[in-house]
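See below for the structure under consideration.
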Amino acid sequence: MRGIGIDIVEVDRMAQKCQKPEFVKMVFTADEEAYCLAQGKSNESFAARFAAKEAYMKAIGLGWTNDAQFHDIEVYNLPSGQPKLRLHGNGKLFFENEGFSDILLTLSHTSQTAVAVVIVV
18 MRGIGIDIVE
28 VDRMAQKCQK
38 PEFVKMVFTA
48 DEEAYCLAQG
58 KSNESFAARF
68 AAKEAYMKAI
78 GLGWTNDAQF
88 HDIEVYNLPS
98 GQPKLRLHGN
108 GKLFFENEGF
118 SDILLTLSHT
128 SQTAVAVVIV
138 V
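For what it's worth, the working numbering labels the leading residue of the sequence shown as 18, then goes sequentially.
Put into structure tokens, the structure is as follows:
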């Protein structure tokens, strides 16, 4: 294990932010947005995905810089429902250059909060 990160997001706060289309476009990929909107509890889904992105940045030991973009980190689900992280652009390059080999992710949420834990190996 090379790093661990955790983040908790208030669902109501994320719901307010997601009312602004520019926020959604800045933070989430088109696939993430489509997935969340298709869920019965889209605000919880958006909050959990945001928490995953924050937890990942904590796990690799970086803050949000000009080189780190929310779109570089994408949450998707395997057919089993298990959430996974997919990296793009500078996020993928950093992961490869640092010699990381795997990312473990778990998400959970209630109507009030969403939490994500990321372990980087």
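Using N, Cα and C, we set each Cβ at its ideal position, and we do this for glycine too.
Quick one: grab the DSSP three-state call for residue i.
{"i": "P100", "result": "strand"}
{"i": "H1", "result": "Given that the chain is displayed from residue 18 to residue 138, the structure contains no residue 1 and the question cannot be resolved."}
{"i": "G116", "result": "coil"}
{"i": "F111", "result": "helix"}
{"i": "F45", "result": "coil"}
For residue i, which residues in the same chain have their Cβ closer than 6 Å to its Cβ, ignoring the five residues on either side in sequence?
{"i": "T123", "result": "V134"}
{"i": "L121", "result": "I136"}
{"i": "C53", "result": "S59, S62 and F63"}
Hey, residue i and residue j are a contact pair by Cβ (cut 8 Å); roughly how many whole angstroms apart?
{"i": "I23", "j": "V132", "result": "7 Å"}
{"i": "A76", "j": "G116", "result": "No, A76 and G116 are not in contact; Cβ-Cβ is about 14 Å, not under 8 Å."}
{"i": "L91", "j": "L79", "result": "The question names Leu, but residue 91 in the sequence shown is Glu. No, E91 and L79 are not in contact; Cβ-Cβ is about 17 Å, not under 8 Å."}
{"i": "A55", "j": "V26", "result": "A55 to V26, Cβ: 20 Å. No contact."}
{"i": "V28", "j": "S128", "result": "6 Å"}
From the DSSP secondary-structure annotation, give me the bridge partner or partners of residue i.
{"i": "L121", "result": "I136"}
{"i": "A76", "result": "Paired residue(s): none; A76 is not in a bridge."}
{"i": "D24", "result": "A133"}
{"i": "H126", "result": "A131"}
{"i": "N94", "result": "P100"}
Determine whether the Cβ of residue i lies closer than 7 Å to any Cβ atom of chain C.
{"i": "I21", "result": "No chain C is part of this structure, which consists of one protein chain only."}
Between which residues of its own chain and residue i is the CB-CB distance below 7 Å, once the five residues before and five after are set aside?
{"i": "D119", "result": "V138"}
{"i": "A32", "result": "N60"}
{"i": "K70", "result": "F87 and I90"}
{"i": "E50", "result": "V41"}
- Three-pair Cβ contact test at 8 Å for the region 100 to 107 versus the region 57 to 64: no
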